[in-house]
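First up is the structure itself, then whatever we jot down about it.
2 protein chains.
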Amino acid sequence: MAINRKMEFAADEIALADLAKAISHPARIAILKILAQQKSCICGEIVEGLPLAQATVSQHLKELKTIGLIKGTIEGKTSCYCIDWEVFNQFISHFGVFAELAQNASTQSQSCC
Amino acid sequence: MAINRKMEFAADEIALADLAKAISHPARIAILKILAQQKSCICGEIVEGLPLAQATVSQHLKELKTIGLIKGTIEGKTSCYCIDWEVFNQFISHFGVFAELAQNASTQSQSCC
DNA sequence: AAGTATAATCGTATATTTGCGATATAAAAT
DNA sequence: ATTTTATATCGCAAATATACGATTATACTT
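Read top to bottom, the protein sequences are chains G and P. Each residue of the first sequence is one higher than the one before, starting from 15 at the first, in this note's numbering. Each residue of the second sequence is one higher than the one before, starting from 15 at the first, in this note's numbering.
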């Protein structure tokens, strides 16, 4: 982009957009699903379940960790990742904002188009 | 990216990621907020409320329309945009999937890290 | 008919994301 | 001590996303 206008938006809009971006890739959705099911938390096993190289998966894990949706601990030779449900549920509830706005505008049904 | 592995993921994972991508930009969050509040539905007024050029806003509106989150109709000289609540609510409920998976794994609390 | 206003689209520059091989790091196994 | 195993990080190439001026299309206005 010629100019980065990101910072000219409201802080909460930026925060929500960043969280959405974190889950805007099928690999990261797939990772979250695996972790939610507790199918596994070990990096190597996650790699096996995805059509991506180890380096790429590690990068996706890092992104999810940076935004806070998952947390990871090193367990000897391997590392263990888990969903941070507090952050995750908070994220989901952010979407409620839209529904609330709509109710305040008393619409949902009678939209203008 | 060297190779596009997107299509090697499950269809529902791709769909959810695409929806998340649609709201992964503060401008698009801001647009959805304006529409939810029914502050306005006219393109020109939306442009006024954002720190972006008309061409850029039009492009963001198009993305939201392509994914189905909003619908637009031409009203004479101006165009009118509205949130498609059916799609929107469906999208939100998709996130419930994670919570369900977690409950099936009967965890949320006792994570491994 | 000519001018004006609204919004979509095109073309293009720049920024960011994605993907991976190669390499680094660190613990476990030999 | 050396080798193996598990992950993270670096550096680069290719794909996408972002932003906007210029242009186009369409419908109101006069």
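Note that CB positions come from ideal geometry on N, CA and C, so glycine has one too.
What residue range does the alpha helix (DSSP H) around residue i cover?
i: Glu-100 (chain P); result: 99 to 108
i: Arg-42 (chain G); result: 40 to 51
i: Ile-28 (chain P); result: 25 to 36
i: Ala-69 (chain P); result: 68 to 81
i: Glu-22 (chain G); result: Neither: Glu-22 (chain G) is in no alpha helix (DSSP H) and is coded neither H nor E.
i: Cys-57 (chain P); result: 57 to 62
Of the residues the options, which one's Cα is nearest the Cα of residue i?
i: His-74 (chain P); options: P:Lys-53, P:Ala-36, P:Trp-99; result: P:Ala-36
i: Ile-88 (chain G); options: G:Cys-57, G:Leu-49, G:Cys-127; result: G:Cys-57
i: Val-71 (chain G); options: G:Thr-80, G:Ile-45, G:Asp-98, G:Cys-94; result: G:Ile-45
i: Lys-47 (chain G); options: P:Trp-99, P:Leu-30, P:Arg-19; result: P:Leu-30
i: Gln-104 (chain G); options: G:Lys-20, G:Ala-16, G:Leu-33; result: G:Leu-33
i: Glu-59 (chain P); options: P:Ser-93, P:Glu-77, P:Asp-26; result: P:Ser-93
i: Phe-112 (chain G); options: G:Lys-91, G:Asp-26, G:Arg-19; result: G:Asp-26
i: Glu-114 (chain P); options: G:Gln-52, G:Lys-76, G:Lys-91, G:Gly-90; result: G:Gln-52
Do we get a CB-CB distance below 8 angstroms when we pair residue i with the residues of chain P?
i: Ser-38 (chain G); result: yes
i: Cys-57 (chain G); result: no
i: Glu-22 (chain G); result: yes
i: Ala-116 (chain G); result: yes
i: Ile-60 (chain G); result: no
Taking residue i as part of the beta strand (DSSP E), name the residues at either end of that continuous run.
i: Gly-86 (chain P); result: 84 to 89
Determine whether the Cβ of residue i lies closer than 8 angstroms to any Cβ atom of chain G.
i: Lys-79 (chain P); result: no
i: Thr-92 (chain P); result: no
i: Gly-86 (chain P); result: yes
i: Ala-69 (chain P); result: no
i: Lys-76 (chain P); result: no
i: Gln-104 (chain P); result: no
i: Leu-83 (chain P); result: no
i: Gln-73 (chain P); result: no
Can you list, in chain order, the residues of its chain with a C-beta nearer than 8 angstroms to that of residue i? Leave out the 5 residues immediately preceding and following it.
i: Ala-41 (chain G); result: Leu-64, Leu-66, Thr-70, Val-71, His-74
i: Lys-79 (chain P); result: Lys-85, Gly-86, Tyr-95
i: Lys-20 (chain G); result: Ile-28
Give me, in chain order, the residues of the same chain whose beta-carbon lies closer than 7 angstroms to that of residue i; leave out the 5 immediate sequence neighbours on both sides.
i: Gln-68 (chain G); result: Val-61
i: Ala-50 (chain G); result: Ile-97
i: Gly-82 (chain P); result: Asp-98, Val-101
Rounded C-beta distance between residue i and residue j? I'm assuming under 8 angstroms.
i: Phe-109 (chain P); j: Ile-106 (chain G); result: 5 angstroms
i: Ser-38 (chain P); j: Ser-38 (chain G); result: 5 angstroms
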